[in-house]
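Asker:
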Amino acid sequence: MPANILVVEDEPAIQELVAVNLEHAGHHVLRARDAEQATQLVRHALPDLVLLDWMLPGQSGLAFARQMRQDERTKQVPIIILTARGEEHDKVAGLEAGADDYVTKPFSPRELIARIRAVLRRRAPQLSDEPTEIGGLRLDPATHRVAAKGRNLELGPTEFRLLRFLMTHPERVHSRSQLLDHVWGDHVFVEERTVDVHIRRLRKALEPTGHDRLIETVRGSGYRLSASALAVA
Ligand code: CA
228 MPANILVVED
238 EPAIQELVAV
248 NLEHAGHHVL
258 RARDAEQATQ
268 LVRHALPDLV
278 LLDWMLPGQS
288 GLAFARQMRQ
298 DERTKQVPII
308 ILTARGEEHD
318 KVAGLEAGAD
328 DYVTKPFSPR
338 ELIARIRAVL
348 RRRAPQLSDE
358 PTEIGGLRLD
368 PATHRVAAKG
378 RNLELGPTEF
388 RLLRFLMTHP
398 ERVHSRSQLL
408 DHVWGDHVFV
418 EERTVDVHIR
428 RLRKALEPTG
438 HDRLIETVRG
448 SGYRLSASAL
458 AVA
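Residue 253 in this note's numbering sits at position 26 of the sequence shown, and the numbers go up by one each step.
(1) When you compare only the Cα positions, how much space is there between R451 and S404?
(2) Could you give the C-beta distance for V235 and G288, rounded to a whole number, given that I count them as a contact under 8 angstroms?
(3) Should H423 go down as buried or exposed, given a rule of 16 or more other Cβ atoms within 10 Å for buried?
(4) Buried or exposed, going by whether 16 or more other CB atoms sit within 10 Å of the CB of G377?
(5) Roughly how many whole angstroms lie between the Cα atoms of S448 and D408?
(6) Excluding five sequence neighbours on each side, which residues of the same chain lie with their C-beta closer than 7 angstroms to the C-beta of R372?
(7) Is there contact here, the stretch 314 to 323 with the stretch 388 to 395, by at least three beta-carbon pairs under 8 angstroms?
(8) Between which residues of its own chain and K431 is the CB-CB distance below 8 angstroms, once the five residues before and five after are set aside?
(9) Answer with buried or exposed for A460, where buried requires no fewer than 16 other C-beta atoms within 10 angstroms of its C-beta.
(10) Ligand 1 heavy atoms versus the CB of M282: any closer than 8 angstroms?
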């Protein structure tokens, strides 16, 4: 499952080693050398995961993790903390600050990749290649197919990503800004109206099997995919 990963590491050699290995594993890598630069990058687009060095010049990795957890927009982003060996007490502090996992330097790239995969599987289901099914509507990320009642439904690439996100996060209301962050990866330069346009197209694409009813408009808040909407109608 390819992901957008933000690597925050001040030592150029380690940053390079990590970035090269992640890219080799199919991920897209963004790099920052301190918390300030990382904050800028996150403001522009939400990464799927942050790999965060503990010891950074200026604001520490720990303080940055706390900052992300306190912000409504960034609090769900998975974080893995990197730190030097033998600082076991750090591990507790790191996990308390909201990190999802902890990798000790020196680490093997293979171990790092495996840990990232495990955290993404747990925390970012929209990146999984496993098929999802709700109310008879089935989405298969591996084949890029959406099907229901024995027929394939034609979706554009954006509608596919939108449906995938909604199906992996059902029954929750997502604001337009959240959808831009998670589906478009950008909430700064894309207009919120864009979301409405693609929701409309998505509903149209799901109409032939009546699954457009899965997607509810929540007035003043955003959109929700709910299986119960299908049952009521
Ligand atoms: Ca460091």
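Where a beta carbon is used, it is the ideal one built from N, C-alpha and C, also for glycine.
Answerer: Walking through what the data contain:
(1) Taking the first residue of the sequence shown as 1, we reach residue 451 at position 224. Taking the first residue of the sequence shown as 1, we reach residue 404 at position 177. Cα-Cα distance, rounded: 14 angstroms.
(2) As a working mapping, residue 235 is identified with position 8 in the sequence shown. As a working mapping, residue 288 is identified with position 61 in the sequence shown. V235 to G288, Cβ: 7 angstroms. Contact.
(3) As a working note, residue 423 is residue 196 in the sequence shown. For clarity, residue 423 is Asp in the given sequence; the question names His instead. That one is exposed.
(4) Locating residue 377 in the sequence shown gives position 150, counting from the first residue. Exposed, since its Cβ has fewer than 16 Cβ neighbours within 10 Å.
(5) Indexing the sequence shown from 1 puts residue 448 at position 221. Indexing the sequence shown from 1 puts residue 408 at position 181. Between S448 and D408, the C-alpha separation is close to 15 angstroms.
(6) Your numbering for residue 372 matches position 145 in the sequence shown. N379, listed in sequence order.
(7) no
(8) Taking the sequence shown and counting its residues from 1, one reaches residue 431 at position 204. Here the set comprises D439.
(9) Numbered from its first residue, the sequence shown carries residue 460 at position 233. Unreliable placement is indicated for A460, whose pLDDT of 49 sits below 50; the coordinate value is still reported in the next sentence. Looking at its Cβ environment, which holds fewer than 16 other Cβ atoms inside 10 Å, A460 is exposed.
(10) Along the sequence shown, one-based indexing puts residue 282 at 55. At least one heavy atom of ligand 1 is nearer than 8 angstroms to the Cβ of M282, so yes.
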